[in-house]
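Notes follow the structure.
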Amino acid sequence: MQIQRGKKDACGIFGISNPQQDAVLNIYYGLMSLQHRGQESSGISIIKNGRISSRRVRGLVSQNLKPKLWTLSGNMGIGHVRYSTTGTSTLVNAQPMTDNMFALGHNGNLANYMHLRKKIKNEGLKLKANSDAEVILKLLRMNYDKSGDYISSFKELSSQVDGAYSLVILTRNRELIAVRDPLGLRPLCQGRKGNTIAFASESVALDSNNINLVGDLEPGTITIATKDTCKKYCYHSCKRKAHCMFEFVYFSRVDSVLEGKSVYDVRFNLGINLAKTYDTKPDVVVPVPDTSRTAAEGYSYQTGVPVAEGLIKNRYIHRTFIMPRQKDRDSAIKLKINPLKSAVSEKNVLIIDDSIVRGTTSKVIVQMLRNAGANKVHLMSTCPPIISPCFYGIDIASYGELIAAKVDLESIQRKIGTDSLGYQTLEGLIKAINIPEEDLCLGCLKGEYPTPYAQRVLETMKEKTGTRKTRIWETEIPA
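For the sequence shown, the numbering used here gives the first residue as 449, with consecutive numbering after it.
Here it is as structure tokens:
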């Protein structure tokens, strides 16, 4: 569901080495394909004649960044689209982050960001932004200046940071570097066509450039591409993986392939499992546009209940979840989607949504359908109840934002105003993704995190904030 519900996307990154031709257009196409992952700012860095040139803007790639691109040229570069999960939404926090050696694009979030920021400042280094990407760039540069070796630099970095980081890096030495954290929390894939090498948050960015998907970068690895070579190195081996389940449920485009799994197939199977789990007998199933459409198809396939486009999306209004006030978000929802009365009037309607975070959006949509003449309105979520914050790139900051962390199922149903409410089971989620539970990050569903600092932050939040809306890891350092 691509309207306000209290979470923001992870960012999107793209990098390419294209020895045969200028790479600026490739990066533009890649970022356009990843625009759903970030609309606050975008940027591009290109190297030519030993000099890295960058352009960063607030807003959309097509409207704001595109006019800046044609002043750049070069065969190797990186790009980034951003939503802020750490730091404010200002141009100074836009990426790629640069110094006189590197340009860096980051997707993810560091749980120990404030700790690292304080440590860097205590060592006398200046920080211009308030973004974890800048912290990673500073640490990389410090480590590289000491060792002169990328593998050693990232081995050291992995011992310093706690959290998620998929990176594309452009160097003054005409190298394109792709790095994935040891747990593989955020996605990163590689593509190849002839001598062209590319890296992207999602495979759709490769598709838009007619580049063949090679596969996902293995967690804990660094891949270095030059004009003539492409070599992979392991800088940190980890016994387990922790792929973010929310990439499959919500973040990624339905036509992407992650960890060798089709996102479309995962969401289709999520819908099938909802049909098998609950004995609801609706007349029509209505997906909340757009990420729930595939799950609705799966539900319809299993039950024979037809899918109805009962909610029509206004595609000329962009995502509204950056609006700070609830009354503004509620108004924006009504501008964003509109019920189709002929599809839902005098019918028992089942809404399928990808997730329920605050419950405020669901409440507005339920009332919309009742006002449009629906007899009964049921609601199912393809995601299990979200009961805990995320520290790795989903902007679910506190218990106070999570309706399932505060009340039971019956109370949620009453608050939203549905005739019935059903959540995906944890077992159904894992089965649909088809990745072993021990290789998934389920922190927001279970309150158990794959990194130690994040778990410590959680315990501090429980002690100090209860259900208040506080991003404690951005305001103070846990003991």
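In this text, a Cβ means the ideal position worked out from N, Cα and C, and glycines have one as well. Small disclaimer: the values here were computed from a predicted structure and weren't measured.
**OP:** Could you tell me whether the segment 720-739 touches the segment 869-876, where touching means 3 or more Cβ pairs closer than 8 Å?
**Re:** Yes, the segment 720-739 touches the segment 869-876.
Original post:
Can you list, in chain order, the residues of its chain whose CB lies under 6 Å from that of residue 712, leaving out five sequence neighbours each side?
Top reply: If you ignore the 5 residues before and after residue 712, its C-beta comes within less than 6 Å of the C-beta of 702 and 742, all in its own chain and listed in chain order.
**OP:** Enumerate, from N- to C-terminal direction, the unbroken beta strand (DSSP E) stretches of 3 or more residues contained entirely within the segment 499-537.
**Re:** If we require 3 residues or more, the beta strand (DSSP E) runs fully inside the segment 499-537 come out as 499-506 and 524-530.
Subject >> Sheet register partners of residue 638 (DSSP bridge) >> reply: In the DSSP secondary-structure assignment, residue 638 is bridged to 647 and 663.
Original post:
Quick one: what's residue 705 bridged to in DSSP?
Top reply: Looking at the DSSP assignment, residue 705 forms a beta bridge with 710.
Original post:
What are the partner residues of residue 673, as DSSP defines its beta bridges?
Top reply: Note: residue 673 sits in a beta bridge opposite 624 and 678.
**OP:** Would you mind stating whether residue 491 and residue 543 have Cβ atoms separated by less than 8 Å?
**Re:** Taking 8 Å as the Cβ cut-off, residue 491 and residue 543 qualify as a contacting pair.
Subject >> Opening and closing residue of the beta strand (DSSP E) in which residue 871 lies >> reply: Start and end: 868-871.
**OP:** Go ahead and pull the three-state DSSP assignment for residue 408.
**Re:** Absent from the model: residue 408. The displayed extent of the chain is 449 to 927, so no value can be given.
Original post:
Using the C-alpha atoms, what's the distance from residue 836 back to residue 847?
Top reply: Their backbone Cα atoms lie some 6 Å apart in a straight line.
Original post:
Is the beta carbon of residue 864 less than 8 Å from the beta carbon of residue 807?
Top reply: Inclusion of residue 864 and residue 807 in the CB contact set at 8 Å is warranted, their separation being smaller than that value.
**OP:** Under 7 Å Cβ to Cβ from residue 760, same chain only, skipping five residues before and after it: list those, please.
**Re:** Within the same chain, residue 760 has close Cβ partners 785, 786 and 788.
Original post:
Taking Cβ to Cβ, would you say residue 558 is nearer than 8 Å to residue 583?
Top reply: Closer than 8 Å, so yes.
Original post:
residue 879 to residue 623, Cα distance in whole Å?
Top reply: Cα to Cα, the separation comes out at about 40 Å.
Original post:
With C-beta atoms as the reference, is residue 734 less than 8 Å away from residue 758?
Top reply: The Cβ atoms of residue 734 and residue 758 lie closer than 8 Å to each other.
Original post:
Is DSSP giving residue 819 helix, strand or coil here?
Top reply: Residue 819: helix per DSSP, three-state reduction.
**OP:** Write down the C-beta distance between residue 605 and residue 588 rounded to the nearest angstrom, noting that I regard them as a contact closer than 8 Å.
**Re:** Correct: roughly 6 Å between the Cβ atoms.
**OP:** Take residue 478 as the anchor and find which of 630, 866, 651 and 621 has the nearest alpha-carbon.
**Re:** Of the candidates 630, 866, 651 and 621, the one whose C-alpha sits nearest the C-alpha of residue 478 is 651.
Subject >> Whole-Å CB distance - residue 461 paired with residue 523, under 8 Å assumed >> reply: Actually they are not in contact, since the Cβ atoms of residue 461 and residue 523 sit about 19 Å apart, beyond 8 Å.
Subject >> Contact belief for residue 850 with residue 905 at Cβ below 8 Å, rounded distance in angstroms >> reply: With a Cβ gap of about 16 Å, residue 850 and residue 905 do not count as contacting.
**OP:** Could you tell me whether the segment 564-579 touches the segment 511-522, using the rule of 3 or more Cβ pairs below 8 Å?
**Re:** Contact fails: fewer than three Cβ-Cβ distances are below 8 Å.
**OP:** Find the nearest neighbour of residue 736 within the set 801, 762 and 689, judged by alpha-carbon distance.
**Re:** Here the closest residue by C-alpha is 801.
**OP:** Output the distance between the C-alpha atoms of residue 525 and residue 889, rounded to the nearest integer angstrom.
**Re:** If I take the Cα positions, the gap works out to 31 Å.
Original post:
Can you check whether the CB of residue 489 is closer than 8 Å to the CB of residue 502?
Top reply: Between residue 502 and residue 489, the CB-CB gap reaches or exceeds 8 Å.
Original post:
Going by Cα to Cα distance, which pick from 842, 593 and 640 is closest to residue 531?
Top reply: Taking only the C-alpha atoms, the option nearest residue 531 is 842.
Original post:
With which residues is residue 555 paired in a DSSP beta bridge?
Top reply: DSSP lists 614 as the beta-bridge partner residues of residue 555.
Subject >> Length of the line joining the Cα atoms of residue 613 and residue 799 >> reply: For the pair residue 613 and residue 799, the Cα-to-Cα distance works out to about 35 Å.
**OP:** Using the Cα positions of residue 822 and residue 887, report the straight-line distance between them to the nearest angstrom.
**Re:** Distance between residue 822 and residue 887, taken at the CA atoms: about 42 Å.
Subject >> Presumed contact (8 Å Cβ cut-off) between residue 463 and residue 646, rounded CB distance >> reply: Confirmed, Cβ separation roughly 7 Å.
Subject >> Spatial distance of residue 619 from residue 696 (CA atoms) >> reply: About 32 Å.
Subject >> For residue 481 and residue 653, believed in contact at Cβ under 8 Å, the rounded distance >> reply: Sure, about 4 Å apart at Cβ, within 8 Å.
Original post:
What number of angstroms, rounded off, separates the C-alpha of residue 607 from the C-alpha of residue 658?
Top reply: Distance between the alpha carbons of residue 607 and residue 658: 37 Å.
Subject >> Reduced DSSP secondary structure (H/G/I, E/B, other) of residue 544 >> reply: Coil, per DSSP.
Subject >> Own chain, CB closer than 8 Å to residue 548, minus 5 neighbours either side, in chain order >> reply: Around residue 548, the same chain offers 620 as residues with beta carbons nearer than 8 Å, after the five sequence neighbours per side are excluded.
Original post:
Which residue comes first and which comes last in the beta strand (DSSP E) that contains residue 460?
Top reply: Its beta strand (DSSP E) spans residues 460-465.
Original post:
Are residue 665 and residue 898 closer than 8 Å when you measure CB to CB?
Top reply: It is not a contact, given that the beta carbons lie outside the stated cut-off.
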